[in-house]
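Heads up: the protein sequence lines correspond to chains C and A, in order. For what it's worth, the working numbering labels the leading residue of the first sequence as 88, then goes sequentially. For what it's worth, the working numbering labels the leading residue of the second sequence as 1406, then goes sequentially. The beta carbon of each residue, even a glycine, is placed where N, CA and C say it ideally should be. It should be emphasised that the depicted structure is a prediction, and the values quoted were computed from it without experimental measurement. Take a look at the structure below.
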Amino acid sequence: MNECILVVDDDPEIVNAIAITLEREGYPVRRAYDGLQAVDECLDPAVKLILIDVMMPRLDGLSALLRIREKRNLPVIVLSAKSEDTDKILGLSMGADDYVTKPYNPQELIARVRSQLRRYTSLGDVHAEGRQGLLVNGRLSYDPAGRILRADGDEVKLTPTESKIVDLLFHHPGQIFPAEEIYRRVWNEDAFSCENTVMVHIRRIREKIELNPKEPDYIKVVWGIGYKMEQHG
Amino acid sequence: MDTKWNNTDKDPGEALERFVAEEVREAAAAGKGVKVLRPGGRVKALVGFLAFFLGMTLALSALGALGNRIAWERDPSPRWEWDWQETDAFRGEVSHYLREFLTIGAGGAVDFYDGVYYWDGGYNGAVVEQEAIRTWWGFGEVAEATTVDQGTLEPVFPAEPEKEPEKEPDAAYQTDKNVLYYIQSGEGKERKIYTNTDPTKDEQGRLMARSLREYNFYLQFKDGKVSIRKGLQDLDVYGSGIYDGDSKWFVPGYDNFPVSEDLKGVTVYMAVRQTPERYYGVDYKNGGTYYNSAFYSLARQVEESESFYKTQGLLLFIAMWCLVVWCLLRKSVEPVNRKIASWTVHVWTEARFLLVTACLLWALLPGLLNLDLVYELLYSYSYGWEDGYSFAAWGMAVVRLVTMNVPALIALFWLWRLLRNDHQQNPREARRSLLRTLFRSLRASELKRPVEKRLARSGGLVLLALLTYFALSLFPMAVLVNFVRVHPGIWGWCLLLLACLLEALLVWALYSAWRSRGLAKDIAALADQVEAVRAGDLERPLRLPEDADLRQTAESLNDIQAGMKAALAEQTRSERMKVELVSNVSHDLKTPLTSILSYAELLRQEDLPPAAADYAKIIDQKAQRLKTMVEDVFDISKAAADQLPVHLERLDLAKLLRQTLADLDGPIQKSGLTFKVELPGEPVMITADGRRLYRVFQNLIDNALRYALEGSRVYLKLKTAEGTAEASVRNTSRSELPEGVDFTARFVRGDSSRTDGGSGLGLSIASSFTEACGGAFRVETVADLFTAVVTFPTEQEGQEA
């Protein structure tokens, strides 16, 4: 039995399209068309995740989000046409678990929904336990001892080189590593024009761990400087 | 529009040639004023300049020397006669000799001409004065004036005249063989002969014979008439027979200059040597050194004069040809002038002034120091002019003064040329002056002080000066009052009234100066207010007292301040509205687009007939493109409104390019294009927003991938020079590039058919993002070669902190 998902948008066509997509994936869907409806609907304990638009009549998405948070602890994905960094930061700081910009990619949306659900259900225990030495970063968790990387609880198969890169980045979240540095640490050789090599490996890692490898959430390029692992809550 | 640049039969070589020609023209235009010297132009310029220099110097020196010589009258006239025996001086001397011989022959002083003439035979260089003729001869002075080599004269001290020897009357002439003479007087027993040749021979014949050889000048005085033969020619002595100013020979025998009775029996033959030799004689009787080398000196003078004039003439001739050469090469001399100007520009104005002064002093000092000499000569020149110092005399005096120092004159001329050249070639600002620099620095330091201080100081000075004047004026006032009291009268009262008026004026000026101290305060307040407004204070207006002189100005300033405030508010509001509008439009576009994309995706998942599936696919593709365009338009609108958020940081441009290439490695590999990448090994540090700049290069490479000719090479280069980093992406276009198109404008693309899948915004975004990051973006197209260039100022290593 899959979890029920509440989809909120003032445009019924969009709600419908998302609902169809989700239902095809086997998720039951509830619909709401403004903020107040959303607040009402979320009281049903069957609802396990909310997809909510920001700009809506009666009560906008972010205000509704605040009210929902007072009542329930469940993953909320904000779906908005506002694509600027400031909007994203605002959404996330007001309690959203993820932020997807319109027009969205249906595949990515489903991947994000699935990821959020898994983190809130099956992974809840893992987070609560806070196993010793486990490095947690958003939907990723890394066990340095066993060199095991999990995304949404599933183990990610990594080659030895990829594993070394992940190891390096996970130990220093937020720190920027130039390609030469990564190469020297991972390959134990002095680097010379290694940008392509490093990039190839990073791209492969991204394909394995990111929901949208083209717009990565975790392993990011700092243009003109190097690469870093973004820390998520 | 399409067909204009799409016809393919154009020769690409032609386009390239046109391009090269254009480049050369532009380069020439950029270096405006810098003439491109043809080979040989340098030589031409130098030759022309040297010709001018030589020509002017020679001409000036020759003209100066000539003017000097003519003005100072150093030559026995006539000037252009190079036979010394044809000069007035020679004729005068011959006349003098004849007179002497006649005196000897007559046995004592004779009346030469009815007592009007008299002479003093006691010394050489006789002065003859005659009212009507006004002739003044002075051989001795002429001889001194020229630098004819007189030989070294041994000072001969007069020997003790133990016994006065009896001497012949012609003793003084006997040893001088430059003049041979034969004097005969009396008849029969009374007959007396004085000669410095053998007296036994028939002297007339001998002298005649000699006059043909060494002694070419022969004079005979017989029967009261003079006949002269020069060489083989008899000269016309008497002319019209009347002695007047035009007569050449001052000898007796004219109708109005008859021979006196005493000379009737005297016959004189004399011959003068063609080339006189130096001769000295000593006259003990007179108790001093005595020499008579008048003929020798004269001959030497004329000879010297001839060589002088011929030399100067030759110099003038050379100078003329030099100037002709210069005239022909005139145009090409300009670079030399410029070069010289580039040197002279460094000379300070004071130095120039000093140089000119020194040159002027050098030129004129000798004349000024010897003004009495000049005056004397001026006087001598004006002698003979009816009105004293005539115009010509003054002119001659000026020529004398000016030609006194010819080298200085030449130096002055070249100095003038140099300064003129400098003024023509160099702009006024380039000139340097110590005084001006000093004044400027003083003024600058003065300007640093606040305006009220400056005003207070100048106002205080004025007040002090006025007070002093007032105090000083009281004394003459008191004197005047006393005078009027003692000598009452209408003029005295008038004067007193005038003085009182002046005094009142002074008091009024004092009052004004005192009042202006308040004005200075107001000006200071106004200046502070202007400064505050400039600094951005639009809130506080300036309040001056109602009766202040600057009240009106302050009110105007307040109005300006209020106007600025309103304008700024309006501008802020409109900027905000613009961004809001763009944001809303973008949002409103995205909402339906989301539906389209979602349903297109759902449609694709349906089991459709093949044709319908194709349609769905097309809808999806176009919707995707629309999505890209909407995002691009949003970005570009924000950039245009200066609302694009940029996070500037120090980054390595070379690394950024490597990362971009690595990131786009997949598409690059797929494209079949060869990327020739040339990046420096060392970091190229610039300040920019990495994400925006990545977008710039992503767009540029994307552009190359999309529009480059299949299988061609794409060149990506990063160069650093003089504090700038220049990254360029160059590719050969697949289709012909239109000319005169701004590729960075929105919705412009090389192929106007708009079917290539690009938004037409790539280069526009690259351009606005580059500029938002503080760089410069430009596109160069040459024929089918497309180059996009991104330029950034590089960070200096020292700035790392």
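Same chain only: Cβ atoms within 6 Å of residue i, ignoring 5 sequence neighbours per side
| i | result |
| --- | --- |
| A/GLN1625 | SER1632, TYR1674 |
| C/ASN89 | GLY113, TYR114 |
| C/ALA266 | CYS281, GLU282, VAL285 |
| A/THR1552 | Because A/THR1552 carries a pLDDT of 39, less than 50, the predicted location of this residue cannot be relied on, and no value is offered for it. |
| A/LEU1471 | GLN1717 |
| C/PRO300 | ARG293, GLU294 |
| A/TYR1599 | ILE1509, ASP1575, ILE1588 |
| C/GLY225 | HIS319 |
| A/LEU2002 | ALA2028 |
| A/SER2076 | LEU2110 |
| A/LEU1915 | LEU1871 |
Per-residue contacts from residue i into chain A (C-beta, under 8 Å)
| i | result |
| --- | --- |
| C/PRO303 | The premise fails here: C/PRO303 is roughly 11 Å from chain A at the closest Cβ pair, so nothing lies under 8 Å. |
| C/ILE101 | THR1996, THR1999, SER2000, SER2003 |
| C/ILE107 | LEU2007 |
| C/MET286 | GLN2064, ALA2067, ASP2068, ASP2070 |
Contacts of residue i in chain C (Cβ-Cβ under 7 Å)
| i | result |
| --- | --- |
| A/ARG2096 | TRP310 |
| A/LEU2006 | Here the sequence assigns Glu to residue 2006 of chain A, which means Leu is not the residue at that position. Chain C residues near A/GLU2006: PRO193. |
| A/ARG2063 | GLU282 |
Neighbourhood of residue i by C-beta distance below 7 Å, restricted to the same chain and skipping five residues each side
| i | result |
| --- | --- |
| A/LEU1820 | LEU1760, VAL1761, CYS1764 |
| A/MET1882 | ALA1904, GLU1908 |
| C/TYR179 | According to the sequence provided, residue 179 of chain C is Leu. The question's Tyr does not apply to it. Result list for C/LEU179: TYR186, in chain order. |
| C/ARG118 | VAL94, VAL102, ALA106 |
| A/LEU1468 | none |
| C/GLU128 | LEU93, ARG117, ALA119, VAL134 |
| A/VAL1811 | SER1466, GLY1469, ALA1470, ASN1473 |
| C/GLU110 | VAL116 |
| C/THR97 | As written in the sequence, residue 97 of chain C is Asp, which differs from the Thr given in the question. TYR120, ASP121, ASP140, MET143, PRO144. |
Contact set between residue i and chain C, taken where Cβ atoms lie within less than 9 Å
| i | result |
| --- | --- |
| A/TYR2099 | VAL308, TRP310, GLY311 |
| A/ARG2030 | Within chain C, no residue comes near A/ARG2030; the closest Cβ sits about 12 Å away, beyond 9 Å. |
Proximal chain C residues relative to residue i, where beta-carbon distance stays under 8 Å
| i | result |
| --- | --- |
| A/HIS1992 | MET142, ALA168, LYS169 |
| A/ASP2057 | GLY311, ILE312 |
| A/LYS1449 | None at all; the shortest Cβ gap to chain C is about 56 Å. |
Contacts that residue i makes with chain A (C-beta to C-beta distance below 7 Å)
| i | result |
| --- | --- |
| C/LYS158 | Going along chain A, no residue has its Cβ under 7 Å from C/LYS158, so there is no contact; the nearest lies around 28 Å. |
| C/ALA104 | SER2000, SER2003, TYR2004, LEU2007 |
| C/ASP98 | THR1996, SER2000 |
Contact list for residue i against chain A, beta-carbon separation under 9 Å
| i | result |
| --- | --- |
| C/TYR191 | THR1999, LEU2002, SER2003 |
Integer-rounded CB distance, given that residue j should sit under 8 Å from residue i
| i | j | result |
| --- | --- | --- |
| A/PHE1622 | A/GLN1490 | 6 Å |
| A/THR2199 | A/THR2125 | 6 Å |
| C/LYS169 | A/HIS1992 | 7 Å |
| C/LEU152 | C/ILE139 | 6 Å |
| A/PHE2174 | A/ARG2097 | 4 Å |
| A/ALA2130 | A/VAL2089 | 5 Å |
| A/GLY1453 | A/TRP1753 | Between A/TRP1753 and A/GLY1453 the Cβ distance is about 29 Å, and since that is not below 8 Å, they are no contact. |
| A/VAL1984 | A/GLN2048 | 5 Å |
Cutoff 8 Å; reference residue i; Cβ partners in own chain excluding five residues on either side
| i | result |
| --- | --- |
| A/GLU2054 | THR2092, ALA2093, ASP2094, GLY2095 |
| C/SER250 | ARG234, LEU236 |
| A/PRO1771 | MET1809, ASN1810 |
| A/ALA1704 | TRP1489, THR1680, PRO1681 |
message = For the structure I just gave you, are there three or more beta carbon pairs, one from the region 1887-1897 of chain A and one from the region 1921-1937 of chain A, closer than 8 Å?
response = no
ask   = Hey, is the region 272-289 of chain C in contact with the region 2030-2037 of chain A, meaning 3+ C-beta pairs nearer than 8 Å?
value = no
request  = Specify whether the region 1924-1937 of chain A and the region 1953-1970 of chain A touch according to this definition: at least 3 beta carbon pairs, one from each stretch, less than 8 Å apart.
outcome  = yes
query = Do three or more CB pairs link the region 1704-1721 of chain A to the region 1450-1457 of chain A at distances below 8 Å?
reply = no
request  = Write down every uninterrupted run of the alpha helix (DSSP H) in the region 2008-2066 of chain A whose length is 4 residues or greater and which is fully enclosed by it, in chain order.
outcome  = 2015-2045
task = Would you check if there are 3 or more beta carbon pairs closer than 8 Å linking the region 2127-2137 of chain A to the region 2106-2115 of chain A?
result = yes
query = Looking at C-beta atoms only, is the number of pairs between the region 2059-2074 of chain A and the region 299-306 of chain C that lie closer than 8 Å three or more?
reply = no
ask   = Are three or more beta carbon pairs between the region 2063-2073 of chain A and the region 2095-2107 of chain A nearer than 8 Å?
value = yes
Continuous beta strand (DSSP E) assignments of at least 3 residues falling wholly in the region 229-258 of chain C = 235-238, 241-243
ask   = Any chance the region 1745-1760 of chain A sits against the region 1816-1835 of chain A, with 3 or more Cβ pairs inside 8 Å?
value = yes
key: Every unbroken beta strand (DSSP E) within the region 103-172 of chain C, with a cutoff of 3 residues, ordered by chain   = 116-119, 134-140, 163-167
task = Specify whether the region 1936-1948 of chain A and the region 1870-1878 of chain A touch according to this definition: at least 3 beta carbon pairs, one from each stretch, less than 8 Å apart.
result = no
Three or more C-beta pairs below 8 Å linking the region 271-278 of chain C and the region 2010-2029 of chain A = no
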